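Engineer: Protein chains in written order, with the working numbering: chain G, 2 to 325; chain A, 2 to 325; chain F, 2 to 325; chain Y, 2 to 325.
Cβ coordinates follow ideal geometry from the N, Cα and C atoms, glycine included.
Bear in mind that the values here come from a model prediction, so they are computed numbers and not experimental data.
There are 4 protein chains.
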Amino acid sequence: MTAITATTTATAFPGGAAPALTGVVPPVCTPLTPDFEVDVDSLRRLVDFQIAGGVDGLFILGSSSEVAFLPDSHRAVVVDTVLRHVAGQVPVLIGVIDMTTMRVLDHARRAVRAGCAGIVATAPFYTRTHPAEIEVHLRSIAEQCEAPLYAYDLPVSVHSNLDHDMLLRLAADGVLAGLKDSTGDDGSLRDLLVARNDAGLTTFSVLTGSELTVDSALRMGADGVVPGLGNVDPHGYATLYRHARAGAWDLAVREQERLLRLMRIVRAAPPARMGRGSSALGAFKAALQLRGIIDHAVTAPPQIPLNEPEIDHVRRTLIAAGLV
Amino acid sequence: MTAITATTTATAFPGGAAPALTGVVPPVCTPLTPDFEVDVDSLRRLVDFQIAGGVDGLFILGSSSEVAFLPDSHRAVVVDTVLRHVAGQVPVLIGVIDMTTMRVLDHARRAVRAGCAGIVATAPFYTRTHPAEIEVHLRSIAEQCEAPLYAYDLPVSVHSNLDHDMLLRLAADGVLAGLKDSTGDDGSLRDLLVARNDAGLTTFSVLTGSELTVDSALRMGADGVVPGLGNVDPHGYATLYRHARAGAWDLAVREQERLLRLMRIVRAAPPARMGRGSSALGAFKAALQLRGIIDHAVTAPPQIPLNEPEIDHVRRTLIAAGLV
Amino acid sequence: MTAITATTTATAFPGGAAPALTGVVPPVCTPLTPDFEVDVDSLRRLVDFQIAGGVDGLFILGSSSEVAFLPDSHRAVVVDTVLRHVAGQVPVLIGVIDMTTMRVLDHARRAVRAGCAGIVATAPFYTRTHPAEIEVHLRSIAEQCEAPLYAYDLPVSVHSNLDHDMLLRLAADGVLAGLKDSTGDDGSLRDLLVARNDAGLTTFSVLTGSELTVDSALRMGADGVVPGLGNVDPHGYATLYRHARAGAWDLAVREQERLLRLMRIVRAAPPARMGRGSSALGAFKAALQLRGIIDHAVTAPPQIPLNEPEIDHVRRTLIAAGLV
Amino acid sequence: MTAITATTTATAFPGGAAPALTGVVPPVCTPLTPDFEVDVDSLRRLVDFQIAGGVDGLFILGSSSEVAFLPDSHRAVVVDTVLRHVAGQVPVLIGVIDMTTMRVLDHARRAVRAGCAGIVATAPFYTRTHPAEIEVHLRSIAEQCEAPLYAYDLPVSVHSNLDHDMLLRLAADGVLAGLKDSTGDDGSLRDLLVARNDAGLTTFSVLTGSELTVDSALRMGADGVVPGLGNVDPHGYATLYRHARAGAWDLAVREQERLLRLMRIVRAAPPARMGRGSSALGAFKAALQLRGIIDHAVTAPPQIPLNEPEIDHVRRTLIAAGLV
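1) Would the region 106–116 of chain F and the region 72–83 of chain F be scored as touching if the rule is three or more Cβ pairs under 8 Å?
2) Rounded to a whole number of angstroms, what is the C-alpha to C-alpha distance between residue 289 of chain G and residue 64 of chain G?
3) Using a cut-off of 7 Å between C-beta atoms, extract the partners of residue 213 of chain G located in chain Y.
4) For residue 56 of chain A, go through chain F and note every residue whose CB falls closer than 7 Å to its CB, in chain order.
5) When you compare only the Cα positions, how much space is there between residue 1 of chain F and residue 34 of chain F?
6) From Y:22, Y:163, Y:196, pick the residue whose C-alpha is nearest to that of residue 184 of chain Y; which is it?
7) Starting from the C-beta of residue 82 of chain G, find all residues in its chain whose C-beta is less than 6 Å away, skip the five residues before and the five after it, and write them out in chain order.
8) Could you spell out the range, first to last residue, of the alpha helix (DSSP H) harbouring residue 237 of chain G?
9) Going by beta-carbon coordinates alone, are residue 281 of chain G and residue 267 of chain G separated by less than 8 Å?
10) Tell me residue 130 of chain G's beta-bridge partners as DSSP assigns them.
11) For chain Y, is any of its Cβ atoms less than 8 Å away from the one on residue 93 of chain G?
12) Starting from the C-beta of residue 176 of chain Y, find all residues in its chain whose C-beta is less than 7 Å away, skip the five residues before and the five after it, and write them out in chain order.
13) If the criterion is Cβ atoms closer than 8 Å, does the pair residue 127 of chain F and residue 103 of chain F meet it?
14) Compare the Cα-Cα distances from residue 51 of chain G to each of G:308, G:69, G:218, G:232 and report the closest residue.
15) Measuring CA to CA, which of F:202, F:272, F:238, F:181 is closest to residue 256 of chain F?
16) Is the Cβ of residue 258 of chain Y closer than 8 Å to any Cβ of chain G?
17) Taking only three categories from DSSP, how would you classify residue 183 of chain F?
18) Where do the ends of the alpha helix (DSSP H) carrying residue 278 of chain Y lie?
19) Of the choices A:216, A:171, A:148, whose alpha-carbon is the least far from that of residue 119 of chain A?
20) Is there at least one Cβ from chain A nearer than 8 Å to residue 228 of chain G's Cβ?
21) With a threshold of 16 other CB atoms inside 10 Å of the CB of residue 320 of chain Y, please say whether the residue is buried or exposed.
22) Would you say residue 275 of chain G reaches chain A, if we count a Cβ-Cβ gap shorter than 8 Å as a contact?
23) Leaving out five residues before and five after residue 198 of chain A in sequence, what residues of the same chain have Cβ atoms less than 7 Å from its Cβ?
24) Between residue 124 of chain Y and residue 159 of chain Y, how many whole angstroms is the CB-CB distance? I'm expecting something under 8 Å.
25) Can the beta-carbon of residue 57 of chain A be found less than 8 Å from the beta-carbon of residue 79 of chain A?
26) Where are the alpha helix (DSSP H) runs, 4 residues long or more, that stay fully inside the region 189–235 of chain A, in chain order?
27) Buried or exposed for residue 271 of chain Y, going by 16 or more other Cβ atoms inside 10 Å?
28) Quick one: which residues of the region 268–295 of chain Y get their C-beta closer than 9 Å to a C-beta of chain G? List them in chain order.
29) Give me the Cα-Cα distance between residue 167 of chain F and residue 136 of chain F, rounded to the nearest whole angstrom.
30) For residue 47 of chain G, which of G:22, G:77, G:86 has the nearest alpha-carbon?
31) Determine whether the Cβ of residue 25 of chain G lies closer than 8 Å to any Cβ atom of chain Y.
32) Using DSSP's beta-bridge definition, name the partner residues of residue 28 of chain G.
33) Name, please, each residue of chain F whose Cβ falls closer than 9 Å to the Cβ of residue 217 of chain A.
34) When you compare each of G:260, G:38, G:275 to residue 296 of chain G by their alpha carbons, which one comes out closest?
35) In the DSSP assignment, what residue or residues form a beta bridge with residue 176 of chain G?
36) Can you tell me whether residue 313 of chain G is buried or exposed? The criterion is at least 16 other CB atoms within 10 Å of its CB, across all chains shown.
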């Protein structure tokens with residue numbers, strides 16, 4: 002298993018060990034061919050682009066990777082392609098997204114065998130879950146898998162929240178190595194960060210999934226970010242992170258605002274035409290194609306493809322951002 | 002592929018062909034061993050118990066089958082066990098529950114190869130979906146699978162609803178063979194039934210998943226029912242259905258009220274202890290064990306098992322219903 | 002205070018007293034003038050139309066009365082106009098819809114002074130409420146008001162549900178005289194009805210607000226209906242109720258299906274143009290104007306008025322139903 | 002009408018006019034007597050405490066003021082008491098919280114007559130609203146009231162969100178003077194702030210209602226904060242704001258973290274006992290009583306009062322914060 006090198010300065014955690022996972026860890030898009038197979042060449046180029054952009058790790062098979070759309074065979078190709086290609090240059094986390102424990106364990110065992118730096122699991126979904134069941138779920142995964150486990154708080158997809166007391170209990174018990182917080186609620190995130198620090202759980206990594214408030218999250222003590230938009234502009238997020246770690250907050254704010262304007266690509270399509278997910282993932286892929294990184298802007302079914310005017314919205318936004 | 006024999010009388014659809022699927026089609030529980038393998042012997046006994054109870058078909062790998070909890074290998078065992086054991090005595094529908102199109106297609110192809118009478122698919126979930134994407138999803142599945150496709154309207158699990166205009170459009174286009182309505186909204190169900198009849202789409206089967214209003218649903222024109230509680234008392238639902246088809250509505254009401262009281266087994270556990278799903282599925286399995294049909298009342302992780310007082314609630318309710 | 006005469010036959014409650022409130026109790030629309038004052042003449046004609054249509058009671062200041070849109074001064078005009086005009090011909094219930102206890106009590110005291118047959122209150126809203134607080138709320142209203150109190154279960158507006166155990170506890174304690182169930186969940190309604198009957202609480206009136214399943218609800222043991230669509234066709238609902246009470250269920254079904262088709266007037270406007278409430282209330286009022294009962298189809302701001310094509314949809318639906 | 006003095010430095014808006022409303026504007030609690038009347042003496046002391054604490058304005062009849070619980074007569078007492086007592090020392094905003102336009106206008110006209118610096122209105126609630134209706138609602142209020150109108154984005158209470166394009170359109174049209182953002186979504190807040198600045202709408206005030214991320218919000222360009230917790234510690238929020246405006250961000254972070262720990266008073270009661278609103282408002286009032294500002298910690302019905310152990314939780318948290 003690849004070791005993850007701590008990249009935060011010691012100042013962030015004066016009294017304790019630094020967390021294992023820090024910095025910019027983009028959820029890597031999964032390029033597809035026109036007949037919906039994994040486009041392996043494009044995926045390798047995308048990985049190279051991310052690493053050249055200065056990211057600190059990669060998260061494959063997350064929501065921005067269209068994990069919910071990929072059959073297991075596609076997931077296997079993604080894992081195999083990325084882990085071989087990265088070859089230890091940066092740590093690679095693997096999402097093990099599925100409905101409940103035994104299904105997640107199937108994915109998790111494959112991820113561990115492939116040699117990942119950590120696995121990322123949500124609360125159960127489809128089933129109406131319960132806090133007690135979420136805790137059993139996470140404990141069961143950790144017990145049966147030899148890889149650091151990261152919890153993924155993603156209420157927009159799983160329709161439940163992860164309780165902070167539970168997270169810290171699992172951190173203290175060595176069940177969880179960290180959290181990806183995609184709640185969009187930075188007050189809640191900060192409450193967790195302060196509680197974590199007060200409890201001395203300094204090795205528990207907290208990464209935000211909120212792409213528009215990374216500077217704030219880092220200032221609050223978050224250890225890093227998992228930005229979907231990082232696919233399109235990894236250099237931007239790496240720059241933002243570097244400014245923040247150097248204490249150059251004004252520069253961090255400026256970079257974040259630039260990225261916020263770039264994020265407007267996700268509004269390519271009107272809500273009458275498709276879901277917000279289709280629009281966002283279609284825009285990420287269209288931008289990557291326009292930037293010459295991937296060959297096709299294809300998204301997996303049943304997502305609606307962007308049409309020409311919508312792709313043009315992406316193009317104009319990229320031009321305004323100086324990216325094409 | 003097993004042919005489904007129409008069992009409704011012609012009087013229900015005076016002017017047109019009868020729908021292919023009618024009657025009582027229980028969503029068969031998946032008995033598990035204490036180490037969470039499929040308990041094949043118990044599953045066979047449960048299938049025999051259902052058929053002896055007079056059901057008109059079986060629905061395997063539905064929500065009451067804990068499909069969300071079963072790895073693909075378990076799903077395969079269930080499909081293989083049931084289809085061999087039933088051997089055409091009654092039609093068998095197979096749930097192909099997964100997040101999006103390509104994943105569903107993997108399950109659907111396996112189901113078709115196994116020789117089912119139909120497959121049952123929900124709207125996409127986990128992803129934030131959209132009406133246009135739901136329609137693409139269902140059309141894609143139908144195009145690529147040689148089996149009648151039934152749509153499964155289950156907002157409590159997938160957090161979206163199936164639009165009635167879309168359902169009837171897909172029925173008219175031959176995409177959908179029918180619907181399992183588990184919305185719990187009988188006004189909406191009736192609106193669909195009247196619109197279906199007005200459109201002359203008499204071969205489109207509409208089955209209700211609402212176990213407590215089967216008599217009403219049949220009176221409104223529904224073709225059948227998929228009752229989770231039917232696992233525990235298939236004879237009761239078969240009797241109810243027979244009364245309804247015979248026009249003996251007072252007897253149907255009485256049987257439905259008996260079954261409603263039996264349904265109170267699902268409230269075995271308090272909401273502070275576990276989710277409603279855990280309590281209901283745990284109660285179904287406890288009841289089946291108490292009735293001597295299955296060997297273990299084990300539910301899949303991360304569901305919380307019922308404790309002794311909770312199982313006793315099930316026992317007392319069964320005794321009151323004259324079932325043990 | 003007007004006495005409410007029981008109109009159900011004794012057979013519905015063989016062992017106990019009949020509930021106080023039964024039959025068809027439409028939630029009376031509030032006609033407005035073009036400058037948004039209460040159109041008193043139209044309101045009187047609408048009340049006459051309802052009574053001539055054979056309704057068993059009237060519910061003023063409910064959701065279909067646009068109570069949420071009426072200032073207190075308008076509410077006072079409605080109460081005064083209707084109670085004087087009805088003059089005891091039928092019982093009149095008054096909605097006391099507001100956010101929390103003290104505000105509701107202000108409305109309730111005015112309603113009691115006016116001489117109503119009962120008041121109708123929801124759970125608290127706007128505030129994030131709790132089952133314990135809902136119970137305090139209803140008990141406080143009952144304690145401080147000398148009028149029968151009806152609970153109004155309306156999750157679509159108040160975003161919480163009334164717990165059945167609580168309802169029956171309050172019924173047993175004499176706090177509640179009855180319930181208007183607008184959950185749209187007939188399985189839940191039946192569960193309550195069976196539990197009520199098993200507990201011998203036969204004087205606790207349960208009325209359904211689901212306009213499309215009135216025959217089923219009555220068959221399950223409901224005591225009556227509060228149909229918004231009854232504004233447009235009170236004769237229809239009175240006929241349906243009479244058939245049901247006479248045990249002529251086939252005729253009841255047929256009448257209900259006719260009313261279901263009439264209900265399609267509420268889909269006059271597309272969801273892109275306005276909310277479903279605006280479309281439904283606009284359609285009810287347009288239909289009443291087209292039928293010559295009220296002078297203006299004006300709805301209160303900020304609802305969007307129906308445009309000509311939308312009103313034409315209402316007209317064509319009425320013509321198809323033989324109502325103009 | 003009281004003029005509002007801009008207190009931000011010109012640097013925040015280099016190219017344009019500063020917004021009218023900036024700084025710390027606490028939503029003032031409404032002290033009650035044991036028989037649920039407005040405790041006028043305590044209210045005056047609380048106002049003095051806020052002003053002595055260095056706040057820039059006051060917001061009365063907001064959610065933290067229990068506006069949803071106060072009858073109109075109580076609201077009138079609060080308005081009269083506070084406006085007389087403040088006598089122009091700081092601007093006073095008045096919440097005009099009610100379900101729809103005409104009801105809101107009744108409150109708004111009274112607020113304007115009383116001489117407020119602005120009124121604060123939410124989207125319609127109880128009714129199922131629609132973006133087009135929200136816009137009509139806000140435009141109607143502004144047209145008919147001679148006071149600056151602030152929109153209040155509070156999805157937890159009204160179950161809809163305010164669209165950013167609409168907000169900026171209304172700002173450009175002079176309909177809205179500003180926004181109180183209580184969405185808890187700082188990414189969304191920032192998106193609005195950047196769009197506002199890009200559009201040159203620099204007089205449109207944006208205040209956050211998120212008490213735990215005030216430093217971040219100010220850094221993003223927010224003009225101020227409306228902190229419920231400011232009732233208990235106005236000095237803390239004034240200090241935080243002063244640090245932020247001086248660019249002393251490290252001090253701002255430290256003060257914010259102190260206030261975050263103080264905020265834990267709101268978790269006084271367990272979710273099994275009462276709603277989160279009851280617990281939070283009960284804790285604010287208990288803290289104010291413990292600090293000697295108000296006479297009674299009474300909250301309005303049907304809220305559940307804190308019990309002794311729960312009040313003790315508040316006391317211990319205050320002691321830890323050095324506030325008693």
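Structural biologist: The short version:
1) yes
2) Translated into the one-based positions of the first sequence, residue 289 of chain G becomes position 288. Translated into the one-based positions of the first sequence, residue 64 of chain G becomes position 63. Spanning the two alpha carbons is a distance of roughly 17 Å.
3) Here residue 213 of chain G refers to the residue found at position 212 when the first sequence is read from its first residue. Chain Y residues near residue 213 of chain G: 188, 191, 192.
4) If you number the second sequence from 1, residue 56 of chain A lands on position 55. Chain F residues near residue 56 of chain A: none, gap ~20 Å exceeds 7 Å.
5) No answer is possible for residue 1 of chain F: it lies beyond the span of chain F, which begins at 2 and ends at 325.
6) Looking up residue 184 of chain Y in the fourth sequence gives position 183. Selected option, being the one with the closest Cα: Y:163.
7) Counted from its first residue, the first sequence places residue 82 of chain G at position 81. Once the five neighbours on either side are set aside, the close Cβ partners of residue 82 of chain G are 41, 44.
8) For the purposes of this step, residue 237 of chain G is taken as residue 236 along the first sequence, with counting starting at 1. From DSSP, the alpha helix (DSSP H) with residue 237 of chain G extends over 235–246.
9) Residue numbering aside, residue 281 of chain G sits at position 280 when the first sequence is read from its first letter. Residue numbering aside, residue 267 of chain G sits at position 266 when the first sequence is read from its first letter. Yes. Within cutoff.
10) Taking the first residue of the first sequence as 1, we reach residue 130 of chain G at position 129. Answer is none; residue 130 of chain G lacks a bridge partner.
11) Counting from 1 along the first sequence, the entry for residue 93 of chain G is found at position 92. No, because no Cβ of chain Y sits closer than 8 Å to the Cβ of residue 93 of chain G.
12) The residue you call residue 176 of chain Y lines up with position 175 of the fourth sequence. Counting only Cβ-Cβ distances below 7 Å, and skipping sequence neighbours, we find 139, 140, 143, 150.
13) Counting from 1 along the third sequence, the entry for residue 127 of chain F is found at position 126. Counting from 1 along the third sequence, the entry for residue 103 of chain F is found at position 102. No.
14) If you number the first sequence from 1, residue 51 of chain G lands on position 50. It is G:232 whose Cα lies nearest to the Cα of residue 51 of chain G.
15) For the purposes of this step, residue 256 of chain F is taken as the residue at position 255 of the third sequence. Ranking the options by Cα distance to residue 256 of chain F, first place goes to F:238.
16) Translated into the one-based positions of the fourth sequence, residue 258 of chain Y becomes position 257. So yes, residue 258 of chain Y belongs to the interface.
17) The residue labelled residue 183 of chain F in the question sits at position 182 within the third sequence. Judged by DSSP in its simplified three-state form, residue 183 of chain F adopts coil rather than helix or strand.
18) Here residue 278 of chain Y refers to the residue found at position 277 when the fourth sequence is read from its first residue. Residues 277–291.
19) As a first step, residue 119 of chain A is located in the second sequence; it is residue number 118 there, counting from the start. Of the listed residues, the one whose Cα sits closest to residue 119 of chain A is A:148.
20) Locating residue 228 of chain G in the first sequence gives position 227, counting from the first residue. Interface with chain A (8 Å Cβ-Cβ cutoff): residue 228 of chain G is excluded.
21) Numbered from 1 along the fourth sequence, position 319 holds the residue referred to as residue 320 of chain Y. Burial call: exposed.
22) Locating residue 275 of chain G in the first sequence gives position 274, counting from the first residue. Yes, its Cβ sits closer than 8 Å to a Cβ of chain A.
23) Working through the second sequence from its first residue, we reach residue 198 of chain A at position 197. The answer, listed in chain order, is 222.
24) Here residue 124 of chain Y corresponds to residue number 123 of the fourth sequence, with the count starting at 1. Here residue 159 of chain Y corresponds to residue number 158 of the fourth sequence, with the count starting at 1. 5 Å between Cβ atoms; contact.
25) For the purposes of this step, residue 57 of chain A is taken as the residue at position 56 of the second sequence. For the purposes of this step, residue 79 of chain A is taken as the residue at position 78 of the second sequence. No. Outside cutoff.
26) 215–221
27) Taking the first residue of the fourth sequence as position 1, residue 271 of chain Y is located at position 270. Counting the other CB atoms within 10 Å of its CB gives residue 271 of chain Y a total below 16, which places it among the exposed residues.
28) none
29) Here residue 167 of chain F corresponds to residue number 166 of the third sequence, with the count starting at 1. Here residue 136 of chain F corresponds to residue number 135 of the third sequence, with the count starting at 1. Whole-angstrom Cα-Cα distance: 7 Å.
30) As a working note, residue 47 of chain G is residue 46 in the first sequence. Here the closest residue by C-alpha is G:86.
31) Taking the first residue of the first sequence as 1, we reach residue 25 of chain G at position 24. Judged by the 8 Å Cβ criterion, residue 25 of chain G is not in contact with chain Y.
32) Within the first sequence, the letter at position 27 stands for residue 28 of chain G. Residue 28 of chain G is bridged to G:60.
33) Along the second sequence, one-based indexing puts residue 217 of chain A at 216. The answer, in chain order, is 187, 191, 214, 216, 217, 218, 220, 221.
34) By one-based count along the first sequence, residue 296 of chain G stands at place 295. Of the candidates G:260, G:38, G:275, the one whose C-alpha sits nearest the C-alpha of residue 296 of chain G is G:38.
35) Reading the first sequence from its first residue, position 175 is the one you call residue 176 of chain G. Per DSSP, none; premise fails for residue 176 of chain G.
36) By 1-based counting over the first sequence, the position of residue 313 of chain G is 312. By the 16-neighbour rule on beta-carbons within 10 angstroms, residue 313 of chain G is exposed.
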